[in-house]
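**Q**
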Amino acid sequence: MLYNILTVGLLYLGITKLLKSINEFYNLGFNKKTVLTYSIIALSVLFFCTISANDTWLWYTSSIVYLWSIMAFFLGVRLFFIQQKKWFQSILFGISAIYIGGSNEPLTFIIILALLYLLFKKRNILLSSMGLGLITSAFLINYLSPGTLNRDSITPNLGLIDLVLYTGYSSVKFFFFSIHKTFIPALFLGFSFYLLGKKATLTIASFNPIKSLVQNIKLIVGVVIFNQLIVVYALGGLSPDRSGIASSIVITILLIRYLFLLGNHHKEKQNKLNIILILNVVVLIVFNAYYTNVHYNYAKAFDERTAYIFYSKNEIIKIKPLPNSGYIYSSEITADANHFKNLHLKSGLGIDRDVVLYDLRIK
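Count the sequence shown with the numbering used here and you get residues 10 to 372, in order.
(1) Report yes or no: do three or more beta-carbon pairs, one from the segment 78 to 90 and one from the segment 263 to 270, lie closer than 8 Å?
(2) In whole angstroms, what separates the C-alpha of F192 from that of K322?
(3) Who does I326 pair with in a DSSP beta bridge?
(4) Along the chain, where does the alpha helix (DSSP H) containing G111 start, and where does it finish?
(5) Please state whether the Cβ-Cβ distance between T117 and I144 is less than 9 Å.
(6) Using 9 Å as the threshold, is the C-beta distance between G335 and N63 below it?
(7) State buried or exposed for E324, treating a residue as buried only when at least 16 other CB atoms are found within 10 Å of its CB.
(8) Of all the options K95, G85, I285, which has the alpha carbon lying nearest to the alpha carbon of I109?
(9) Leaving aside the five residues before and after T376 along the sequence, list all residues of the same chain whose C-beta is less than 7 Å from its C-beta, in chain order.
(10) Can the beta-carbon of L141 be found closer than 9 Å to that of L124?
(11) Would you please verify whether the beta carbon of L88 is less than 9 Å from any beta carbon of chain D?
(12) Do L288 and N36 come within 9 Å of each other at the CB atom, strictly closer than that value?
(13) Going by other Cβ atoms of all chains shown within 10 Å of its Cβ, with 16 needed for buried, is H274 buried or exposed?
(14) Look at the alpha carbon of N217 and the alpha carbon of S356, and state the distance between them as a whole number of angstroms.
(15) Report buried or exposed for K26, applying the criterion of at least 16 other Cβ atoms within 10 angstroms of its Cβ.
(16) Given this structure, state the Cα-to-Cα distance separating D361 from F319, to the nearest angstrom.
(17) Touching or not, the segment 52 to 61 and the segment 188 to 204, by the rule of three or more beta carbon pairs under 8 Å?
(18) Below 8 Å on the Cβ atoms is my contact criterion, and I expect L204 with G272 to pass it. Report the Cβ-Cβ distance as a whole number of Å.
(19) Please state the DSSP three-state secondary structure of L125.
(20) Flag this pair as yes or no: are the beta carbons of F269 and I50 separated by less than 9 Å?
(21) Could you check the C-alpha separation between L52 and G231 for me, to the nearest Å?
(22) Using a 10 Å radius around the Cβ and a threshold of 16 neighbouring Cβ atoms, would you call D3 buried or exposed?
(23) What number of angstroms, rounded off, separates the C-alpha of M139 from the C-alpha of S71?
(24) If L76 and L20 are in contact, beta carbons under 8 Å, what's the gap, nearest whole angstrom?
(25) By a C-beta neighbour count over all protein chains shown, 10 Å radius and 16 as the cutoff for buried, is G199 buried or exposed?
(26) Nearest to S179 by CA position, among W66, W68, G253, Y367, is which residue?
(27) Is DSSP giving L28 helix, strand or coil here?
(28) Give the straight-line distance between the Cα atoms of Y385 and N151, rounded to the nearest whole angstrom.
(29) Is Y307 closer than 9 Å to I260 when the C-beta atoms are compared?
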């Protein structure tokens, strides 16, 4: 629990520091309370931009690789929005680059491409060069290590056709298989940044909503495919849901940025804004009410089932399936007593009898 609180707290701190730096860099005029509030919303948008959030965020909060590399990204990238850099901020930037390069391969490649783009455009040359050198060095040290070489030796090598098919399937799955639980809720939450854009003191006259939308869609599609390609190639099979975290970060940033700029572009327009705002609030209320009930029913059923297993005297304990867990990680087991989930449940409860999921199809 302490580790999870620390990890999420540091992630929130990273987002807050980044938004604070952007606010000061562009002189947007938002106070501290606004930055802190919208940092929570941004973190929520990131949560909903991950597919199978109930499963992936268990991995993210259980492994130091995922959330800490995200935290390092936010703490590192903020340096690009600080004009007068302090020495300890540069050190933190270096640590962030090294940590990401040694822990998160997809995010590393995407950052390398972004830094190369900045160098090509001759922007932040010194900082970009420093970041590129550190993150590339850390990646090579990690990639050439015995552990990575051993992984590559035991994972299958895919042919070109299989590589394309697996990457395509993983990309389609990322975008569409659970869109009603991911990107649609993220869009409604992100609408808050549209309202924030209308309040900004800065007005960006060069923003073109249609052109920017098309560019963002192209960039998102490209990043997701590239992310999936890296993972499929490395593992020699379909990518796990948790491996899309780099894509989730990019989508979150682009979604928030676009909605903010769109709100800024519509600063003088009030047509139908109140209707959209009311609709957005109603949808979020219904969404929260529905999943509050789902989570309550799941938690209640889980507690009842745990008590039944613990006090049961049966030699083989047969249990019924749990209801939908919503955004909570499902602790469902299987009909196989030797499955690792079943064995983990036995170990956790300290019992020596087999526990199996009752197959309702068998009379």
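Note that CB positions come from ideal geometry on N, CA and C, so glycine has one too.
**A** With the given structure in hand:
(1) Flag = no, the segment 78 to 90 and the segment 263 to 270 do not touch.
(2) 46 Å
(3) DSSP lists V364 as the bridge partner or partners of I326.
(4) 96 to 112
(5) The Cβ-Cβ distance between T117 and I144 falls below 9 Å.
(6) yes
(7) In summary, E324 is exposed, with fewer than 16 beta-carbon neighbours lying within 10 Å of its beta-carbon over all protein chains present.
(8) G85
(9) The structure shown has nothing for residue 376, since the chain only spans 10 to 372.
(10) yes
(11) The structure shown contains no chain D, having only a single protein chain.
(12) no
(13) It counts as buried.
(14) 58 Å
(15) buried
(16) Near 11 Å, if we compare the C-alpha coordinates of F319 and D361.
(17) yes
(18) 6 Å
(19) helix
(20) no
(21) 23 Å
(22) Lying before the first or after the last residue shown, residue 3 is absent from the chain, which here runs from 10 to 372.
(23) 31 Å
(24) A Cβ-Cβ separation of about 6 Å places L76 in contact with L20 under the 8 Å criterion.
(25) buried
(26) G253
(27) The three-state reading of DSSP puts L28 in helix, counting H, G and I together.
(28) Lying before the first or after the last residue shown, residue 385 is absent from the chain, which here runs from 10 to 372.
(29) no
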